[in-house]
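See structure below.
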Amino acid sequence: MIELEATLDSICALQDRRGLIPWAKGSHADPWNHTEAVVALTLGGRHRAAKRGIEWLASAVNRDGSYCQFFTSSAVLEPRIDLNNCLYPAVGLLAYLVSARDMSSVRSFLVSFDVTVDFVLDQQRSDGSFPWALSPDRTALEGSLLAGSSAMLLSLEAIEALDMMIGRNRPRIKEAASALCNYISDPHSQFLAKEAWAMDGYYPILAGVLDDVDASKRMKAFLLRHYVTGCGIQAIADSGWVTAAETAETAMALVRIGELGMARQMLQDIEQLRCGDGGYLTGWVLPDRVSFPSEEESAYSAAAVIIAHYLVALGRPSGLIEGILARE
Numbered sequence: 309m310i311e312l313e314a315t316l317d318s319i320c321a322l323q324d325r326r327g328l329i330p331w332a333k334g335s336h337a338d339p340w341n342h343t344e345a346v347v348a349l350t351l352g353g354r355h356r357a358a359k360r361g362i363e364w365l366a367s368a369v370n371r372d373g374s375y376c377q378f379f380t381s382s383a384v385l386e387p388r389i390d391l392n393n394c395l396y397p398a399v400g401l402l403a404y405l406v407s408a409r410d411m412s413s414v415r416s417f418l419v420s421f422d423v424t425v426d427f428v429l430d431q432q433r434s435d436g437s438f439p440w441a442l443s444p445d446r447t448a449l450e451g452s453l454l455a456g457s458s459a460m461l462l463s464l465e466a467i468e469a470l471d472m473m474i475g476r477n478r479p480r481i482k483e484a485a486s487a488l489c490n491y492i493s494d495p496h497s498q499f500l501a502k503e504a505w506a507m508d509g510y511y512p513i514l515a516g517v518l519d520d521v522d523a524s525k526r527m528k529a530f531l532l533r534h535y536v537t538g539c540g541i542q543a544i545a546d547s548g549w550v551t552a553a554e555t556a557e558t559a560m561a562l563v564r565i566g567e568l569g570m571a572r573q574m575l576q577d578i579e580q581l582r583c584g585d586g587g588y589l590t591g592w593v594l595p596d597r598v599s600f601p602s603e604e605e606s607a608y609s610a611a612a613v614i615i616a617h618y619l620v621a622l623g624r625p626s627g628l629i630e631g632i633l634a635r636e
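Whatever position you read off the sequence shown (first residue = 1), add 308 for our numbering.
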């Protein structure tokens, strides 16, 4: 990952004194994308910065274990509770434990994160689904998100791996994951209408919800709709808006199903969005290749690129959590 040292530097440059990593310079943050940056920093060997990111997560959690949706460097920006946001720190914590071997810090964080896990699992419906969010008064909002639910499966997989590493077994985690997986894979299940968004196409693949045949079919259909040859993935179908993060995450999903050649092509396409400091533009709009948001370099884009490079470098089919555990 030597060629990505400058990319790691670009993420570190955005981290504030409390450890928070915002979307971009002068922008806000959310626990999910903050955690994605922590994963990238950990995989890149930046353990001190990753630990500071975990310390921020510990400082930002609410008493009931929930996380507000958006933050600035000094305050809560949006008090709504996104359940996918709440659970994803597990992936960052697993990556940090596997790479840094800092069991003491991980155990300290788990004191509060165990409360978070219980809070989230308490929201699971009888059909296995989760509401995508709760209002500030903790009332469940209507609907579930396909991409968000799939990402929650990755988080539950990470929690199971963490439990195994620290020597405990919580059947509730496996039961929740199984019920959620069944809900996602059921063609009759209802999700909020986001079919045009790329994440709804590739996240069920990235999360391992589908068998190999169905995953390959889904990926083929997804690429036909979202991939612009030689440019990357459109975040929204037919929008012309090609983004670094969605292209990198598509590469991760391709690694999961063994399409390593196409995954490498995605990473090659992304390099057109690379900036001189090693960061990555959030995206550009075709055909004129105008950056949008204008000249924005985002931490989550840089993080997704780093993680995708790491998974591709494994040289074999691998899911995200499996890939993280490969560092053991």
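Glycine included, C-beta positions come from ideal geometry on N, C-alpha and C.
By the Cβ rule, the segment 531-542 does not count as touching the segment 476-496, because fewer than three pairs are nearer than 8 Å. Taken through DSSP and simplified to helix, strand or coil, Q542 comes out as strand. For the set A610, S381, E465 and T590, the Cα lying nearest the Cα of R480 is the one of E465. Ranked by how close their Cα comes to the Cα of V593, the residues R356, S547 and G584 have S547 in first place. Cβ-Cβ distances below 6 Å link S606 to W331, A332 and T590 in the same chain, with the five nearest sequence neighbours on each side left out; the list follows chain order.
When the Cα atoms are used, G587 and T315 turn out to be separated by approximately 5 Å. By alpha-carbon distance to F378, the top candidate from R388, D372, R371 and G475 is R388.
The segment 449-459 makes no contact with the segment 403-414, as fewer than three CB pairs between them are under 8 Å. Per DSSP, E386 is one residue of the beta strand (DSSP E) stretching across V384 to E386. Listed in chain order, the non-local C-beta contacts of D471 below 8 Å within the same chain comprise N477, R478 and I481, local neighbours out to five positions each way being set aside.
DSSP, read as helix, strand or coil, puts W340 in helix.
Put simply, the backbone Cα of D508 is about 20 Å away from that of S626. Excluding the 5 residues flanking it on each side, A357 has same chain C-beta neighbours closer than 7 Å at C320, Q323 and L349, in chain order. At a Cβ-Cβ threshold of 7 Å, A398 and I467 count as neighbours. Shown here, W364 sits in a helix according to DSSP, grouped into three states. Under the criterion of beta carbons closer than 8 Å, I578 and A610 do not qualify as touching, at roughly 10 Å. The beta carbon of L351 sits closer than 6 Å to the beta carbons of Y618 from its chain, once the five residues preceding and following it are set aside; these are given in chain order. Beta-bridge pairing by DSSP links L589 to E605.
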